[in-house]
Every structure is written in structure tokens, then in C-alpha cells.
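Colleague:
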Amino acid sequence: MQRRIKQPTKHLMPFMQTGLALAILLTAQSAVWAQTTPAAPAQCTDTRTATDIVRAELDTWRDSALGQALEARSERGEIVLAVSDPIMVMSQATSSDFGKSRVFAYDKALLNAQAKFIKERQTRTETELATSRFDSAPAMDQMQLQEQEREGRLMRIGDKLFALTEAKLDNALREEGVDVNTIENTEPSKKLDIYRERVGRKSVTTAMGQIAGMMPIENIEALDCNGTAAVATIAVYSDKMRQFAQDVAAGKPIVADPAKASGKTLNATIREEIRVGDIPFIAGLRVVNDQDGFPSLVSYGQWAFVPAGTTPQARERAKQTALNFAEDAARSQIALYLKGSMSLMDSSSIDEQSSEVATITRSDVTTEQVSEIIEQQLRTASAKATITITGVREIGQWVLDHPDLPGVQMVGKVLAWSPQYADAIRSATGDSKRQAINPVAQPQPPQNPSDTTVRKSKSKNNAADF
């Protein structure tokens, strides 16, 4: 028996058609929702801590071409490569204080690198002094026994060597400024202790004064799955960088190196760093070559704030306060590099007897203790350091959300000094003095249009800059 399917009555047809249309619409909309609804964020599965991640990144940097080149030069004694330990940001990423704590962590990372430089430089200085004063072999005529020594009394070669060594030690003590009476009345076994203490203090004093030649070149920052962050700083000391600080502070001529010309202005460089989002991770002072190859100082000052004010005016005030802090930091970095660090040698000499300097000379002192001592010395130097040079100008200002932390706004001011900036101001004021000196033009071979193009990495320096 065939079953008959009952057709809907006429008065129900409009409702059936409407229901069918709604069903089709809902089905279509569901497809749209499925396409536009964002996928759930990927779960963070890296179990490493932020400090472990930073250590791994530092190892990767050491294996890079620049890292290997700088390590090789450091081992040869041409420069000192100082890589800080990973420094933890004390506030969690969810804290409103994270941005400021992050800035403080970068400051501590630089201090940590400086402490490593002090210890490294101290060891080198002591080794150099010991080699020059004690490792040279005595002349043969000094080793020959006199006739009266052969006939009158026996003298072993060992006694002769000891006498020669003690004579060298006495001479070394006199060179270190030890009083003659103290040398004559001190037991031979105690003389070496006096010498070690004097040389230790001298080497620390020298190293403190050389901090002006130390320049950060790269920063590394990591945020782990637990919301904890860590940072590190890589810095290089070279006599060239220290001489550059002295020349700038003294107003001496600065010669351009056309081979290092960047091809774009300092302002354009900063705009690009802001545009691509690199600038929040550039902390501290840098030496950068401008468009014409003149070495220039670029100081990156940072601060942070949480835009949580109740009114737009309150949020704007918070932003302006943060920008003021960033500008102060940028100015302080230039002043300390040019003036404060240069005065550390003198201030260290004055405080040579202080417990702080004595602490550094102990072999068992930790890097953290040295960092604290350097910080105290730098605070004193910073209080006296002011920018008195011509040619410092603002070349950039930025306000950006931290790329990994929504709600934390980072701000920055970038100040720069270049010999060309200085000369522009002097020219406008009628001063005939000039600091930007172009080298004598050399004939350049014609370029083949088919030559390959070499593109540089984002690093501002190469191993030969130092």
C-alpha cells in the first residue's frame, strides 16, 4: 500500500517559506562566523625560563660572524668583549610596573657588563705589569759570582736569584709610590702583599677610568610562558671608542670615513626603527655612522606608563611625564659617556683608600658586588656630569605598545650628537670653528652596473669599528 504524503495546506505555505528562508540565512551566517571568529591562541609550550632563553640567544650571538670576530679580537687583547649575565625583570608582565622594571633591568645589565670589564681589565693590567717587571730573565753578568763571594763565603745560585727578585720587587714598589723606609723595613714575605695591593688598586683605578671606552652594541630580551622577562647587554671596550669620547668632549676635529657612510640621515634611521618596531629593544648609547661616514652618538632613552587614567587629560599627562623621564635618561647617557666616565679615574684615585675599591681588588669578589660599587661611582660622576658640548639635538620620539604585552606603553626620546650638527649650530651663530672634517677625496674606480649588491644586517657596528 502506497503511503500518501500530505501536502501543506494553502494558509501554511507563507510560514513554511519564511522558515525555510531563515534556516538558509542562519546556515549561511554560521559559515561566515566560522570564517571570521579568531582561532584560539596557540598554547605556550616552551618550558624554559626567560633567563635560559636569553642564555641560548647569547650563545647564538657568539656563534654569529660578528660575535666570532669580536671574540677573536678580545682574545688577542685588541678589545674587551663584555657580555652581561641575563638580568631578570623584577615585575611580572601582568604588572603595571613591568615597563619601568624592564628599563631598570637594562640598566643593571649594562652595570653587569661593566663589572665584567673591570675584572677582565684588572687581570690584564696585573698580568702585564708582572710580565714586564718580573718575567724578564736576569742578565748573565748579574748571575756571575764575584771573586770575594767564591773565596770568602759560599753563595748558592738560588740565593742570588732571590736577591735579584727582591731587588726587582723593591724597585716595583718604588714605582708604585711606596715609601722607601717602608720598603727597607718590611720583611721580604710582606713586600709581595704590599705590591699586590698597590697593583690591584692601580689596575682597578685604570679600568674605572676606561669605562668611557665601553659601548653597548646589542640588547637581548625574552619573555617566557610564565610572564617573566629577562634581558642582557653585549658591550665592547676599545681604545678607539675611548679616544672618540675624549675628542668629542674636547671639541677636537672628527674625520669622516666614507667607507662607513650609511647613506641615510640619523633621523631617517630612527624613523625606520620606529616603523619596523625595533626601537623598544634598543637601550642605551650607540656610536653610529651617519650618511657621510661621520661617527655620531645616538642615545636611546626609554620609559613606560600604563594608560589607565580616568580622563584623556590624565592619560596625556602620564605620557608626557614618561617622555620627560626618557629624555632625561638619554641626556644622562651622553653626559656620562663624555664627562662622567672620563672623571672616574680621578675620583677613583681620590677614593683609592676606600673600602669599595679595596673590595674590587679581592680575588673572591663577585660580579654583583663590583656592579654595586660601579653604580655608586657612576652616581657620583653623573651628579657632576653635564652636557656642555654643542650639537646635541632630538632626532626621534615614539610611543608604542609593547609588542608582547598589550596595555603596557613604552615611550622613548632619541638624542644624537654629530660633528655636522655641531658645525651647523656654529655656522648659524657665526662661530668659525669646525669639527666635521672630510678626508681628502680619493679617485674611485668606476662601478660596473652588473656588480652584486651587498646588504647589511641590522647591526649598527662591525668588528673593525672598535
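Just so we're aligned, residue 1 is where the sequence shown starts under full-length UniProt numbering, counting upward by one. Don't be surprised by glycine CBs; every beta carbon is placed ideally from N, CA and C.
1. Helix or strand or just coil, what does DSSP make of Gln-333?
2. Applying the criterion that 16 or more other CB atoms from any shown protein chain within 10 Å of the CB defines a buried residue, is Glu-272 buried or exposed?
3. Can you tell me the Cα-Cα spacing of Thr-367 and Ala-207, whole angstroms?
4. Distance, Cα to Cα, Gly-251 vs Pro-307?
5. Looking at the strands, I want to know which residues DSSP matches up with Lys-413.
6. Taking the alpha-carbon of Gly-301 as reference, which of Arg-286, Ile-183, Ala-463 has the nearest alpha-carbon?
7. Report all residues from its chain with a CB closer than 7 Å to the CB of Ala-261; omit the five preceding and five following residues, and keep chain order.
8. For the beta strand (DSSP E) containing Gly-284, name the first residue and the last one.
9. So, at 6 Å on beta carbons, what are the nonlocal neighbours of Ser-371 in its own chain, with the 5 sequence-adjacent residues on each side left out?
10. Identify whether Glu-375 lies in helix, strand or coil by the three-state DSSP scheme.
11. Please determine, among Phe-244, Met-410, Phe-466, Ala-326, the residue with the shortest C-alpha to C-alpha distance to Pro-419.
12. Among all the DSSP beta bridges, which residues are the ones paired with Asn-219?
13. Between Met-215 and chain B, is any beta-carbon pair separated by less than 8 Å?
14. Between which residues of its own chain and Ser-96 is the CB-CB distance below 6 Å, once the five residues before and five after are set aside?
15. Judging by CA-CA distance, which residue of Val-276, Thr-205, Asn-267 is the nearest neighbour of Gln-397?
16. Cβ atoms of Leu-58 and Leu-70: under 8 Å apart, would you say?
17. Please confirm whether Leu-223 and Ala-416 have their CB atoms less than 8 Å apart.
18. Just the Cα atoms here: how many angstroms apart are Asn-462 and Trp-61?
19. Output yes or no for whether 8 Å exceeds the beta carbon distance between Gly-277 and Ala-93.
20. Grouping DSSP H, G and I as helix and E and B as strand, with all else coil, what is Pro-295?
21. For the alpha helix (DSSP H) containing Val-276, name the first residue and the last one.
22. On a Cα-Cα basis, can you pick out the residue from Met-410, Val-180, Ile-425, Lys-413 that is closest to Thr-390?
23. Going by CA-CA distance only, name the one from Arg-121, Ala-259, Thr-182, Ala-326 that's closest to Asp-465.
24. Rounded to the nearest angstrom, what separates Leu-154 and Asn-185 at their Cα positions?
25. Taking the alpha-carbon positions, what's the Lys-190 to Gln-369 distance?
26. Would you mind reading off the limits of the beta strand (DSSP E) that contains Ala-82?
27. Return the residue from the list Tyr-337, Arg-317, Asn-219 that minimises the CA-CA distance to Ala-249.
28. His-402 to Thr-45, Cα distance in whole Å?
29. Determine the direct distance from the alpha carbon of Asp-170 to that of Asp-328, and round the result to whole angstroms.
30. Could you have a look at Ala-259 and say whether DSSP puts it in helix, strand or coil?
31. Between Val-236 and Ile-79, which are expected to be in contact by the criterion C-beta below 8 Å, what is the C-beta distance as a whole number of angstroms?
32. Output needed for Thr-233: all residues of its chain with C-beta closer than 6 Å, excluding positions within five of it in sequence on either side, in chain order.
33. For Met-208, name the three-state secondary structure that DSSP assigns.
34. Pick helix, strand or coil for Val-89, following the three-state DSSP scheme.
35. Using the beta-carbon count (16 or more within 10 Å), is Gly-284 buried or exposed?
36. Is the separation between the beta-carbon of Ala-56 and that of Met-88 shorter than 8 Å?
Modeller: In terms of the structure at hand:
1. On the sequence shown, residue 333 is found 333 positions in, with the first residue counted as 1. Gln-333 falls in the helix class under three-state DSSP.
2. By one-based count along the sequence shown, residue 272 stands at place 272. With fewer than 16 other Cβ atoms within 10 Å, it is exposed.
3. In the sequence shown, the residue the question calls residue 367 occupies position 367. In the sequence shown, the residue the question calls residue 207 occupies position 207. When rounded, the distance between both Cα atoms is 15 Å.
4. Locating residue 251 in the sequence shown gives position 251, counting from the first residue. Locating residue 307 in the sequence shown gives position 307, counting from the first residue. If you draw a straight line from the Cα of Gly-251 to the Cα of Pro-307, it is about 42 Å long.
5. For the purposes of this step, residue 413 is taken as the residue at position 413 of the sequence shown. Looking at the DSSP assignment, Lys-413 forms a beta bridge with Gly-301, Gln-397.
6. By one-based count along the sequence shown, residue 301 stands at place 301. Ranking the options by Cα distance to Gly-301, first place goes to Arg-286.
7. Within the sequence shown, numbered from 1, the residue matching residue 261 stands at position 261. Setting aside the 5 residues that flank it on each side, Ala-261 is surrounded in the same chain by Asn-289, Gln-291, Asp-292, Gly-293, each with a C-beta closer than 7 Å to its C-beta; the list follows chain order.
8. Taking the first residue of the sequence shown as position 1, residue 284 is located at position 284. Per DSSP, Gly-284 belongs to the beta strand (DSSP E) from 284–289.
9. Taking the first residue of the sequence shown as 1, we reach residue 371 at position 371. The residues are Leu-111, Asn-112, Ala-115.
10. What you label residue 375 is simply residue 375 of the sequence shown in a count that begins at 1. The answer is helix: DSSP assigns Glu-375 an H, G or I state.
11. Counting from 1 along the sequence shown, the entry for residue 419 is found at position 419. Residue Phe-244 is the option with its Cα nearest to Pro-419.
12. As a working mapping, residue 219 is identified with position 219 in the sequence shown. Beta bridge pairing from DSSP links Asn-219 with Thr-233.
13. As a matter of chain content, chain B is missing from the structure shown, which is built from one protein chain.
14. Along the sequence shown, read from residue 1 onward, the residue named residue 96 stands at position 96. The answer, listed in chain order, is Val-306.
15. Here residue 397 refers to the residue found at position 397 of the sequence shown. For the residues Val-276, Thr-205, Asn-267, the minimum Cα distance to Gln-397 belongs to Asn-267.
16. Here residue 70 is taken as the residue at index 70 of the sequence shown, counted from 1. Here residue 58 is taken as the residue at index 58 of the sequence shown, counted from 1. It is not a contact, given that the beta carbons lie outside the stated cut-off.
17. Position 223 of the sequence shown, counted from the first residue, corresponds to residue 223. Position 416 of the sequence shown, counted from the first residue, corresponds to residue 416. Their beta carbons are not under 8 Å apart, which means Leu-223 does not touch Ala-416 by this criterion.
18. Position 462 of the sequence shown, counted from the start, is the residue given in the question as residue 462. Position 61 of the sequence shown, counted from the start, is the residue given in the question as residue 61. Those two C-alpha atoms are separated by around 13 Å.
19. Here residue 277 refers to the residue found at position 277 when the sequence shown is read from its first residue. Here residue 93 refers to the residue found at position 93 when the sequence shown is read from its first residue. No. Outside cutoff.
20. Locating residue 295 in the sequence shown gives position 295, counting from the first residue. Pro-295 carries a strand assignment under DSSP once its states are collapsed to helix, strand and coil.
21. Residue 276 sits at position 276 when you count from the first residue of the sequence shown. That run of the alpha helix (DSSP H) goes 266–276.
22. Indexing the sequence shown from 1 puts residue 390 at position 390. Of the candidates Met-410, Val-180, Ile-425, Lys-413, the one whose C-alpha sits nearest the C-alpha of Thr-390 is Ile-425.
23. The residue you call residue 465 lines up with position 465 of the sequence shown. It is Ala-259 whose Cα lies nearest to the Cα of Asp-465.
24. The residue labelled residue 154 in the question sits at position 154 within the sequence shown. The residue labelled residue 185 in the question sits at position 185 within the sequence shown. In this prediction, Leu-154 scores a pLDDT of 40, lower than 50, which makes its location untrustworthy; no coordinate-derived value is stated.
25. The residue you call residue 190 lines up with position 190 of the sequence shown. The residue you call residue 369 lines up with position 369 of the sequence shown. Answer to the nearest angstrom: the Cα atoms are 27 Å apart.
26. By 1-based counting over the sequence shown, the position of residue 82 is 82. Ala-82 -> beta strand (DSSP E) spans 80–83.
27. On the sequence shown, position 249 is the one that residue 249 refers to. Closest by alpha carbon: Tyr-337.
28. Locating residue 402 in the sequence shown gives position 402, counting from the first residue. Locating residue 45 in the sequence shown gives position 45, counting from the first residue. Looking at the two C-alpha atoms, the distance is approximately 22 Å.
29. Taking the sequence shown and counting its residues from 1, the one referred to as residue 328 is at position 328. Taking the sequence shown and counting its residues from 1, the one referred to as residue 170 is at position 170. Cα-Cα distance, rounded: 50 Å.
30. Mapped onto the sequence shown, residue 259 falls at position 259. DSSP places Ala-259 in helix when its eight states are reduced to three.
31. What you label residue 236 is simply residue 236 of the sequence shown in a count that begins at 1. What you label residue 79 is simply residue 79 of the sequence shown in a count that begins at 1. Right, their Cβ atoms sit about 6 Å apart.
32. Stepping through the sequence shown from its first residue, residue 233 is reached at position 233. Closer than 6 Å at Cβ, skipping near neighbours: Ser-84, Ala-109, Leu-110, Ala-113, Pro-216, Asn-219.
33. Within the sequence shown, residue 208 is the residue found at index 208, counting from 1. Helix at Met-208.
34. As a position in the sequence shown, residue 89 is number 89, starting the count at 1. If DSSP states are grouped into helix, strand and coil, Val-89 belongs with coil.
35. Translated into positions along the sequence shown, residue 284 becomes position 284. Buried.
36. On the sequence shown, position 56 is the one that residue 56 refers to. On the sequence shown, position 88 is the one that residue 88 refers to. No; because the gap between Cβ atoms is not below 8 Å, this pair is not in contact.
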